[in-house]
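Peer 1:
In our numbering, the protein residues as written are 42 to 194.
1. Buried or exposed for residue 177, going by 16 or more other Cβ atoms inside 10 Å?
2. Look up residue 113 in the DSSP assignment and say whether it is helix, strand or coil.
3. For residue 113, count neighbouring Cβ atoms within 10 angstroms of its own Cβ and tell me buried if that reaches 16, exposed if not.
4. Given that a residue counts as buried once 16 or more other Cβ atoms are within 10 Å of its Cβ, and exposed if not, what is residue 117?
5. Hey, could you find the ends of the alpha helix (DSSP H) residue 170 is sitting in?
6. Using the three-state DSSP reduction, which class does residue 164 fall into: helix, strand or coil?
7. Helix, strand or coil for residue 149, going by three-state DSSP, please let me know.
8. When DSSP labels each residue in this structure, what does residue 105 get in the three-state scheme?
9. On the DSSP letters alone, give me the boundaries of the beta strand (DSSP E) that residue 158 sits inside.
10. Rounding to the nearest angstrom, what Cα-Cα distance links residue 106 and residue 193 in this structure?
11. Starting from the Cα of residue 165, find the closest Cα among 152, 97, 124 and 134 and give me that residue.
12. With 16 as the cutoff for other CB atoms within 10 Å, does residue 122 come out buried or exposed?
13. Taking C-beta to C-beta, are residue 161 and residue 175 nearer than 9 Å?
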């Protein structure tokens, strides 16, 4: 719990560095503190929203993503983690279902948007990096094919 508290305090003070985030997301740290962190979130749902709006990196990332608008016909693959959060209580299950449901509308940002479900938890990039690499390669291939077709026209 101490790691979570320190992480949140650094974020709130605007002193969070990229190295802190990498340290926080290590598999060992998540295994050691993940259940306590999840209990904190489940017992106090407002914690996330309070934390989120005090984290300058999340705010900047959100603003950047929203400013982009529609992507036209640019290929877009939305990778959706299909594994539920740990825990058997109904709140945890519904939280996972809600999170997954929020990912599907992202495909509407592009006329070529599609969902890529992956058998992994929230950290897909760590658990299934090959799925992320395949999605990037497929998007690059789709863009290249589109450019070749436009050149022929």
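For each residue, glycine too, the CB sits at the ideal point set by N, CA and C.
Peer 2: On the basis of the supplied data:
1. exposed
2. strand
3. By the Cβ-count criterion, residue 113 is exposed, with fewer than 16 other Cβ atoms from all chains shown falling within 10 Å of its own Cβ.
4. buried
5. 170-193
6. coil
7. It is helical.
8. helix
9. 154-159
10. 33 Å
11. 124
12. The residue in question, residue 122, is buried, as its Cβ has 16 or more Cβ neighbours within 10 Å.
13. no
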